[in-house]
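A.B. asks: Sequential numbering of the sequence shown, starting at 3, is according to the working numbering.
A virtual CB, placed ideally from N, CA and C, is assigned to each residue, including glycine.
Treat the numbers as computed from the prediction; the structure is a model and nothing was measured.
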Amino acid sequence: MGYPEMILSRLTLLTLLAGACSPTEDSSAQDVDSSASRVPKVLLIGIDGVRPDSLAAAETPNLDRLSRAGAINSQAQTCAHTVSGPSWMSILTGVWPNKHGVNDNTFEGIDSANFPHFLARAESIRADLRTVSITQWSPLMDKAVPGADFSSAPDSGAAVTIAAVDELSNNNPDLVFLHFDGADHAGHASGYGPEFPEYIESIENVDGEIGKVVAALNARATITEENWLILVTTDHGGTGTSHGQDIPLHRTVFL
Numbered sequence: 003m004g005y006p007e008m009i010l011s012r013l014t015l016l017t018l019l020a021g022a023c024s025p026t027e028d029s030s031a032q033d034v035d036s037s038a039s040r041v042p043k044v045l046l047i048g049i050d051g052v053r054p055d056s057l058a059a060a061e062t063p064n065l066d067r068l069s070r071a072g073a074i075n076s077q078a079q080t081c082a083h084t085v086s087g088p089s090w091m092s093i094l095t096g097v098w099p100n101k102h103g104v105n106d107n108t109f110e111g112i113d114s115a116n117f118p119h120f121l122a123r124a125e126s127i128r129a130d131l132r133t134v135s136i137t138q139w140s141p142l143m144d145k146a147v148p149g150a151d152f153s154s155a156p157d158s159g160a161a162v163t164i165a166a167v168d169e170l171s172n173n174n175p176d177l178v179f180l181h182f183d184g185a186d187h188a189g190h191a192s193g194y195g196p197e198f199p200e201y202i203e204s205i206e207n208v209d210g211e212i213g214k215v216v217a218a219l220n221a222r223a224t225i226t227e228e229n230w231l232i233l234v235t236t237d238h239g240g241t242g243t244s245h246g247q248d249i250p251l252h253r254t255v256f257l
């Protein structure tokens, strides 16, 4: 099974519709029964342009806590044309560019009718679900994930967090997609890789934002009645100050 199919077509929809066990749950039969009785929900966090080796080099206590409670794959492979448009669409639809039709950042040729993003697919099955998309890169809101019950395109990672915390604190979302763009900006400005301090700092900053989001999730008044699956991934890596090639340091991503 390929990376996009693994991340969404199976994992997200099965969790949503069948109530799969959260990665923070113990594997005992008692806990599985308890998990199945709670309301399944999904939080997908996308961090743009993060190489797995740089993630490992950064101080990321919040992401480390999530991976220790669940699992991490640092050798997943994104699509061959390693730019954000086709890479994010593969993640969000569960199919490769030859099906969803996005081959660059213009999103021309997108086939949303046959290969909708996971929020739309979930709502087509259960219209009562509340779907949320908060993306720092505005084309994701406008072109990749249109039609969410709540959507916004803040201009900073901190603003993404503020909107996400507000949603988790004051509403009842079922599927949430967040996108942070700061690490990719730093990669283009200073360089992708663990040898670039600005790039590492940007990853650590995003980790801090994710910590605030997870804290808000855990503070929900209904958290004991909910079974949240939290997924964190990226769309591509990079070398120098660019990406887009079909090479390991551009294609290798984490989940």
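Looking at C-alpha atoms only, which residue of Ala221, Gly195 and Asp209 is the closest neighbour of Gly242?
C.D. replies: The sequence position of residue 242 within the sequence shown is 240, counting from 1. Minimum Cα distance to Gly242 is reached at Gly195.
A.B. asks: Would the stretch 135-144 count as touching the stretch 152-164 if we require 3 or more Cβ pairs under 8 Å?
C.D. replies: Flag = yes, the stretch 135-144 and the stretch 152-164 touch.
A.B. asks: Distance, Cα to Cα, Ala31 vs Pro42?
C.D. replies: For the purposes of this step, residue 31 is taken as residue 29 along the sequence shown, with counting starting at 1. For the purposes of this step, residue 42 is taken as residue 40 along the sequence shown, with counting starting at 1. Its pLDDT being 48, under 50, Ala31 is placed unreliably by the model, and the measurement read from it follows with that caveat. Looking at the two C-alpha atoms, the distance is approximately 18 Å.
A.B. asks: Quick check: the Cα distance between Gly240 and Gly96, rounded to an integer number of angstroms?
C.D. replies: Start at 1 with the first residue of the sequence shown, and residue 240 comes out as number 238. Start at 1 with the first residue of the sequence shown, and residue 96 comes out as number 94. Approximately 22 Å, taken between the alpha carbons.
A.B. asks: What would DSSP say about Thr224, mapped onto helix, strand or coil?
C.D. replies: For the purposes of this step, residue 224 is taken as the residue at position 222 of the sequence shown. Three-state result, Thr224: coil.
A.B. asks: Determine the closest residue to Ile164 out of His102, His181, Glu110 and Ala150, with distance taken between C-alpha atoms.
C.D. replies: Along the sequence shown, one-based indexing puts residue 164 at 162. Measuring from the Cα of Ile164, the nearest candidate turns out to be His181.
A.B. asks: Go ahead and label Asn64 buried or exposed: buried means 16 or more other beta carbons lie within 10 angstroms of its beta carbon, across all protein chains shown.
C.D. replies: Residue mapping note: residue 64 aligns to position 62 of the sequence shown, counting from 1. Its Cβ being crowded by 16 or more others within 10 Å, Asn64 is buried.
A.B. asks: So, is Glu61 buried or exposed, given that buried needs 16 or more other C-beta atoms within 10 angstroms?
C.D. replies: For the purposes of this step, residue 61 is identified with residue 59 of the sequence shown, where counting begins at 1. By the neighbour-count rule (16 or more Cβ atoms within 10 Å), Glu61 is not buried but exposed.
A.B. asks: For the stretch 178-192 and the stretch 47-58, state whether three or more C-beta atom pairs, one from each stretch, are separated by less than 8 Å.
C.D. replies: Segments in contact, yes.
A.B. asks: With respect to the alpha helix (DSSP H) encompassing Pro54, which residues constitute its N-terminal and C-terminal limits?
C.D. replies: Locating residue 54 in the sequence shown gives position 52, counting from the first residue. Pro54 to Ala59 is the extent of the alpha helix (DSSP H) around Pro54.
A.B. asks: List in chain order: all unbroken beta strand (DSSP E) runs of 3+ residues lying wholly within the stretch 138-164.
C.D. replies: Complete beta strand (DSSP E) runs here, min 3: 152-154.
A.B. asks: What would DSSP say about Ala73, mapped onto helix, strand or coil?
C.D. replies: Taking the sequence shown and counting its residues from 1, one reaches residue 73 at position 71. If DSSP states are grouped into helix, strand and coil, Ala73 belongs with coil.
A.B. asks: Cβ of Val255 within 8 Å of Cβ of Ala78?
C.D. replies: For the purposes of this step, residue 255 is taken as the residue at position 253 of the sequence shown. For the purposes of this step, residue 78 is taken as the residue at position 76 of the sequence shown. Their beta carbons are under 8 Å apart, which means Val255 touches Ala78 by this criterion.
A.B. asks: To the nearest angstrom, how far is it from the Cα of Leu267 to the Cα of Glu197?
C.D. replies: Coverage of the chain is limited to positions 3 through 257, which leaves residue 267 absent and any answer about it impossible.
A.B. asks: Would you say Ser92 and His102 are within 8 Å of each other, going by their C-beta atoms?
C.D. replies: In the sequence shown, counting from the first residue as 1, residue 92 sits at position 90. In the sequence shown, counting from the first residue as 1, residue 102 sits at position 100. Cβ distance < 8 Å, so Ser92 and His102 count as in contact.
A.B. asks: Taking just the CA atoms, how far does His119 sit from Pro148?
C.D. replies: One-based indexing of the sequence shown puts residue 148 at position 146. One-based indexing of the sequence shown puts residue 119 at position 117. C-alpha separation (whole angstroms): 9 Å.
A.B. asks: Taking the beta strand (DSSP E) that Pro250 belongs to, which residues open and close that run?
C.D. replies: If you number the sequence shown from 1, residue 250 lands on position 248. Where Pro250 is concerned, there is no enclosing beta strand (DSSP E), although the alpha helix (DSSP H) it sits in stretches over Pro250 to Arg253.
A.B. asks: Going by C-alpha to C-alpha distance, which of Gly87, Asn100 and Arg123 sits closest to Asn107?
C.D. replies: Taking the sequence shown and counting its residues from 1, the one referred to as residue 107 is at position 105. Checked all of Gly87, Asn100 and Arg123; the closest Cα to Asn107 is Gly87.
A.B. asks: Of the choices Leu131, Ala160 and Asn100, whose alpha-carbon is the least far from that of Lys214?
C.D. replies: For the purposes of this step, residue 214 is taken as residue 212 along the sequence shown, with counting starting at 1. That would be Ala160, whose Cα lies nearest to the Cα of Lys214.
A.B. asks: Ile202 to Glu169, Cα distance in whole Å?
C.D. replies: In the sequence shown, the residue the question calls residue 202 occupies position 200. In the sequence shown, the residue the question calls residue 169 occupies position 167. Between Ile202 and Glu169, the C-alpha separation is close to 29 Å.
A.B. asks: Would DSSP call Gly48 helix, strand or coil?
C.D. replies: As a working mapping, residue 48 is identified with position 46 in the sequence shown. Three-state result, Gly48: strand.
A.B. asks: Shorter than 8 Å from the beta carbon of Ala217 to some beta carbon of chain D?
C.D. replies: Here there is only one protein chain, and chain D is not present.
A.B. asks: Which of helix, strand or coil does DSSP assign to Ala78?
C.D. replies: Locating residue 78 in the sequence shown gives position 76, where the first residue counts as 1. Correct three-state label for Ala78: strand.
A.B. asks: Considering His187, what are the terminal residues of the alpha helix (DSSP H) in which it resides?
C.D. replies: Locating residue 187 in the sequence shown gives position 185, where the first residue counts as 1. Here the alpha helix (DSSP H) through His187 covers Gly184 to Ser192.
A.B. asks: Whose CA, out of Leu233, Gln247 and Asn229, lies closest to the CA of Asn75?
C.D. replies: What you label residue 75 is simply residue 73 of the sequence shown in a count that begins at 1. Taking only the C-alpha atoms, the option nearest Asn75 is Leu233.
A.B. asks: Starting from the Cα of Ile136, find the closest Cα among Val178, Val104 and Ser114 and give me that residue.
C.D. replies: Within the sequence shown, the letter at position 134 stands for residue 136. With distances taken between Cα atoms, Ile136 lies closest to Val178.
A.B. asks: Indicate the three-state DSSP secondary structure (helix, strand or coil) for Ile232 in the structure shown.
C.D. replies: Numbered from 1 along the sequence shown, position 230 holds the residue referred to as residue 232. Strand.
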